[in-house]
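Below is one structure; the comments refer to it alone.
In our numbering, the protein residues as written are 42 to 182.
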């Protein structure tokens, strides 16, 4: 098992770069779109091309290493980042972990005790496995 506190945001920056300009960008985007299409079919959603682009842009924005803009707790309404607090970053989604597995070239297993509630109110533990797709084989053992 391996853990890493990414204080310098090295992995987040690599994630953003791969999703924005990496050689695998189009393959990853196709995979994301296919997966989202499968999920959308269950609820009857059909996106237009414009909606797909907006969703991808939002997913990319979540991966950014720029801190989230928030209001200060002391009642300030300037709309900027409160410099007296540590920066807060956007939460990553499942697809971001999938991309990180490609960056690290290792499977990622996520296990958490935290219980989430689905739309029906049922408890659900966070347990996911993310595998790498279509990586070139190494020529040495």
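C-beta: ideal position from N, C-alpha, C; glycine also.
Judged by their CB atoms, residue 56 and residue 144 are nearer to each other than the 8 Å cut-off.
The C-alpha of residue 53 is placed about 11 Å away from the C-alpha of residue 46. The residue among 132, 88, 91, 84 with its C-alpha nearest the C-alpha of residue 104 is 132. Nearest to residue 67 by C-alpha distance, out of 51, 102, 94, is 94.
In this structure, residue 138 keeps its C-beta atom at 8 Å or more from the C-beta atom of residue 152. Per DSSP, reduced to three states, the secondary structure at residue 140 is helical. Per DSSP, the continuous alpha helix (DSSP H) segment holding residue 51 begins and ends at 51 to 62.
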